[in-house]
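As structure tokens, the structure follows; a few thoughts come after it.
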Amino acid sequence: MRFKSTPALLLLAPFLACAAEDRGATERPQVFAERQFLKADKPTKDLFGDCSQGGESDCRTGLCLNTEAGYVCSKECTEDEACGSGRCATIHPGLGGRFCLPAE
């Protein structure tokens with residue numbers, strides 16, 4: 010008796026597997042591909058300040074970049090002198106692609 014029911018189960022296995030996959034697909038949580046920042050009440054961070062919580066809303070400059078040092082407030086620049094203790098680096102090709110980054 011045991012062997013007679015085994016072929017029947019093998020025939021049903023693909024259908025049972027599909028049903029399990031369909032149920033799992035609707036139960037998965039939504040995944041965000043980009044960082045979702047909290048909104049700061051007002052900007053309080055200066056150049057190179059940590060903006061990992063509020064993003065650009067944390068920065069007085071209005072710009073938060075993800076750098077090797079983490080999320081920091083930045084601004085556009087054309088030369089190192091504009092960046093205080095940091096450096097002016099090209100992070101995007103073309104006009105206006107230079108921004109202040111923390112010193113290494």
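The sequence shown begins at 10 in my numbering and counts up one residue at a time.
In this text, a Cβ means the ideal position worked out from N, Cα and C, and glycines have one as well.
Given the structure is predicted, the values throughout are model-derived calculations rather than measurements.
Exposed or buried, residue 48, counting other C-beta atoms within 10 Å across all chains shown (16 or more means buried)?
Exposed, since its Cβ has fewer than 16 Cβ neighbours within 10 Å.
Return the CA-CA distance between residue 98 and residue 38, expressed in angstroms with no decimal places.
Our two residues, residue 98 and residue 38, have alpha carbons roughly 38 Å apart in a direct line.
Identify which residue in 77, 62, 70, 80 has its Cα closest to the Cα of residue 92.
Among 77, 62, 70, 80, the Cα nearest to that of residue 92 belongs to 70.
I'd like to know whether the C-beta atoms of residue 85 and residue 105 end up nearer to each other than 8 Å.
Taking 8 Å as the Cβ cut-off, residue 85 and residue 105 qualify as a contacting pair.
State the CB to CB distance for the pair residue 83 and residue 108, rounded to an integer number of angstroms; the pair is presumed to be in contact (CB under 8 Å).
The C-beta distance from residue 83 to residue 108 rounds to 5 Å, short enough to fall under 8 Å.
Tell me which same chain residues have a C-beta within less than 6 Å of the C-beta of residue 88, skipping the five on either side of it?
Cβ within range, chain order: 97.
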